[in-house]
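All remarks here apply to the structure that follows.
The structure is reproduced here in structure tokens:
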């Protein structure tokens with residue numbers, strides 16, 4: 001299951017049924033869970049003094065696509081899935097079922113919950129906090145320096161089920177509330193209330209999320225998105241979401 | 252012409268005079284036209300259940316630069332040229348002389364015409380339609396989900412000779428008209444009329460394209476760009492463009 | 503120090519104590535200074551007719567991280583440091599201690615001074631000029647074509663100590679003055695005066711830079727940033743900066 005051209009350290013702890021593709025490198029300080037696939041041209045467990053000796057831990061059932069680079073010192077729950085050419089630096093901790101899109105760049109020292117999905121080319125700055133079931137769309141940047149360059153680092157915090165649409169940036173220290181929506185091409189400098197839509201640069205309150213209707217002609221609200229979208233989530237999670245919908249369609 | 256470190260499936264159909272660079276991988280279900288160059292560290296024909304068994308077809312005379320990844324199931328006409336680290340997913344069809352810039356990301360299920368040029372770091376969402384002679388500049392994103400996340404996918408459509416300038420996004424389902432210009436750093440939520448300039452976030456009508464003058468002191472209009480720009484196009488195409496210019500400088 | 507899987511041309515001029523990682527390629531027309539590290543999966547000195555036969559020169563003490571591609575014909579001073587997957591085209595000249603972030607894309611024919619730092623995913627268009635101690639943050643694009651596509655190329659010029667924040671674009675030919683600050687998510691179409699903040703799309707004057715205070719409760723101005731930030735600069739440089747601070751906190 002290890003391709004003969006791959007370079008795998010004998011010190012790496014590799015679970016059963018792990019595949020490693022051609023021209024990939026697995027360094028010493030790595031723990032890879034069972035049933036994981038590392039595709040070609042990856043570098044896993046890049047040594048770093050900043051990791052303080054902590055291992056890179058990849059949960060079981062993960063898929064890391066080609067040309068990705070992970071440093072020592074981060075921990076991922078089971079079923080991590082990445083696109084191609086992902087970069088993950090030191091000391092990030094993530095829950096289960098994280099998806100990182102192609103070209104994603106996680107700068108390190110982040111805390112990420114369960115079932116978070118970032119699309120292509122998302123940049124997560126140091127010290128970001130992302131809770132559960134969050135969606136982040138292409139070319140979004142989470143920033144952390146309020147007056148760059150400086151030694152101040154104030155990460156953003158993105159709460160459960162929030163959605164950040166394409167090419168938006170979240171400025172340092174901003175709280176993005178539960179089930180909120182940041183419209184595309186926005187620059188968010190103030191906290192976003194739960195269940196609201198903000199947009200623009202600088203972003204302003206636009207409406208409650210339930211004013212946005214599905215384009216399927218049903219007349220139903222598009223948010224909370226958990227009322228109509230379930231692709232990729234386990235049955236028990238979706239069942240719990242649906243049990244929480246009141247008659248009005250809002251949580 | 253196949254580098255000894257490259258891994259090339261004996262099932263791949265490879266034309267005459269094809270070169271494959273070091274550390275590149277060519278999978279089974281691939282047809283590569285004659286006189287094509289695949290540079291180093293590429294993965295060509297990445298297997299995918301989503302391709303429905305269709306091959307990846309690369310037309311003759313193509314150049315795929317290093318670290319690029321193409322999935323099964325897409326078809327490209329002759330003289331495809333890519334930058335480095337391009338990603339192309341399943342079931343896209345493109346005409347001849349497509350140029351994809353470095354870090355370009357084509358998500359699949361797209362239809363692309365002839366002589367389309369995308370610059371660095373352009374993201375083309377699923378179900379996008381791009382006609383002929385279109386230009387897309389760096390960090391542009393074509394989106395497709397009107398209320399993300401959802402199961403609705405409504406691609407954009409970019410018509411002949413349209414130009415989308417740097418760091419703009421086109422929202423789902425938008426039609427960008429022939430010979431129109433989307434100014435840099437715009438977010439386009441409504442259809443763009445042919446031969447007009449739009450800009451801003453949200454983008455608004457700014458002027459007819461022929462109001463924009465060349466900076467060369469000639470006093471001539473910069474648009475239609477086909478009146479003054481011909482680099483990289485074949486003579487017969489340029490001749491046909493020039494034959495269509497009326498006295499006013501507009502088509 | 504050369505990994506056995508690396509492919510290194512015998513014609514390349516490689517200094518003492520240079521390391522080359524697995525699966526990297528060093529072409530013929532390359533000069534690499536002593537004590538430099540080239541990580542894995544790189545391609546260094548990609549041949550190009552556009553380089554006019556000039557070598558790629560990398561100064562001593564440099565670090566080029568994995569999956570990077572450098573073409574022939576550019577010259578870098580000592581202690582160049584790059585992130586992963588950097589692309590540098592032909593005929594750029596840079597001073598010492600340049601840092602290029604992950605996914606950085608330098609298009610060629612640029613002039614870059616000393617101690618310039620670009621963060622992740624910065625795109626520097628052809629013919630850009632960047633002076634000394636400049637900071638460029640993620641997803642910034644420096645453009646050069648005033649009416650794309652055309653044969654006109656007018657690079658931007660970024661002066662000493664200027665700071666361009668995340669996801670901003672600088673339009674062709676714009677001068678960004680010394681110690682100025684371009685706020686995040688801006689589109690800059692007019693020259694930026696020294697020691698001023700501009701922001702928005704199109705960017706407008708917001709305030710003098712010294713109106714922005716540090717978030718550390720000290721009440722001090724955050725700009726000029728050289729008054730409080732010194733990480734990564736040599737002592738003599740920092741000493742000279744601090745000697746120039748007048749009582750008002752401005753240079």
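Chains as they are written, first to last, in the numbering used here: chain A, 1 to 251; chain B, 252 to 502; chain C, 503 to 753. Ideal Cβ positions, reconstructed from N, Cα and C, are used throughout, including at glycine. Everything numeric in this text was worked out from a predicted model, so none of it was measured.
Rounded to the nearest angstrom, the gap between the Cα atoms of residue 317 of chain B and residue 566 of chain C is 17 Å. For residue 237 of chain A, no beta strand (DSSP E) run applies; the uninterrupted alpha helix (DSSP H) run containing it begins and ends at 235 to 243, by DSSP.
At a cut-off of 3 residues, the continuous stretches assigned as beta strand (DSSP E) that sit fully inside the region 56 to 130 of chain A are 56 to 58, 69 to 71. Spatial neighbours of residue 5 of chain A in its own chain (CB-CB distance under 6 Å, excluding positions within 5 residues in sequence) are listed in chain order as 22, 23. Identification of chain A residues near residue 400 of chain B by a Cβ-Cβ cut-off of 9 Å yields 117, 135, 137, 163, 225, 229, 231, ordered along the chain. In this structure, residue 406 of chain B and residue 380 of chain B form a Cβ contact; the two beta carbons are roughly 6 Å apart against a cut-off of 8 Å. When beta bridges are read from the DSSP output, residue 208 of chain A appears opposite A/196. Relative to the Cα of residue 312 of chain B, the nearest Cα in the group B/415, B/284, B/481 belongs to B/284.
In this structure, the alpha-carbon of residue 387 of chain B lies about 6 Å from that of residue 416 of chain B.
Collapsing the DSSP output to three states places residue 705 of chain C in a strand. Legend: CB atoms of the region 257 to 277 of chain B lying less than 9 Å from CB atoms of chain C belong to residues 272, 273, 274. Our two residues, residue 520 of chain C and residue 560 of chain C, have alpha carbons roughly 11 Å apart in a direct line. The beta carbon of residue 679 of chain C is closer than 8 Å to those of 661, 664, 693, 694, 695, 696, 697, 698 in its chain, skipping five residues each way along the sequence.
Residue 425 of chain B sits away from residue 433 of chain B, with the two beta carbons spaced by 7 Å or more. Here the region 451 to 464 of chain B makes no contact with the region 334 to 353 of chain B; the two share fewer than three CB pairs at distances below 8 Å.
Residue contact with chain C for residue 371 of chain B: present (Cβ-Cβ distance below 7 Å to some residue of chain C).
Residue pairing of residue 221 of chain A in beta bridges, as defined by DSSP: A/213. The C-alpha of residue 686 of chain C is placed about 16 Å away from the C-alpha of residue 725 of chain C.
At least one C-beta of chain C is nearer than 7 Å to the C-beta of residue 146 of chain A. Secondary structure note for residue 297 of chain B: its beta strand (DSSP E) is the uninterrupted segment 294 to 297. The straight-line gap separating the alpha-carbon atoms of residue 236 of chain A and residue 230 of chain A is approximately 11 Å. Residue 301 of chain B is bridged by DSSP to nothing; it lacks a bridge partner.
Under the criterion of beta carbons closer than 8 Å, residue 25 of chain A and residue 43 of chain A qualify as touching, at roughly 5 Å. Using a Cβ-Cβ cut-off of 8 Å, residue 201 of chain A is close to 452 of chain B, given in chain order.
Contact annotation: in the region 569 to 581 of chain C, residues whose CB is within less than 8 Å of a CB in chain B are 569, 571. The residues 274, 275, 317, 318, in chain order, have a CB closer than 7 Å to that of residue 292 of chain B in the same chain once the five nearest residues on each side in sequence are set aside. Taking a beta-carbon distance threshold of 7 Å, residue 252 of chain B does not count as an interface residue toward chain C. Residue 586 of chain C belongs to the set of residues whose beta carbon lies under 7 Å from a beta carbon in chain A.
Per the C-alpha coordinates, the member of B/300, B/368, B/279 positioned closest to residue 484 of chain B is B/368. In this structure, the beta-carbon distance from residue 73 of chain A to residue 49 of chain A does not fall below 7 Å. Listed in chain order, the non-local C-beta contacts of residue 119 of chain A below 7 Å within the same chain comprise 101, 136, 137, 138, local neighbours out to five positions each way being set aside. The beta carbon of residue 169 of chain A falls within 7 Å of a beta carbon belonging to chain C, placing the residue at that interface. Residue 30 of chain A places its beta carbon less than 7 Å from that of residue 56 of chain A. Take residue 612 of chain C, set aside five residues on each side of it, and the residues of its chain with a beta-carbon closer than 6 Å to its own are 594, 626, 630, in chain order.
In the same chain as residue 577 of chain C, and ignoring 5 residues on each side of it, the C-beta atoms closer than 6 Å to its own belong to 559, 595, in chain order. At a cut-off of 7 Å, the C-beta of residue 631 of chain C has no neighbouring C-beta in chain A.
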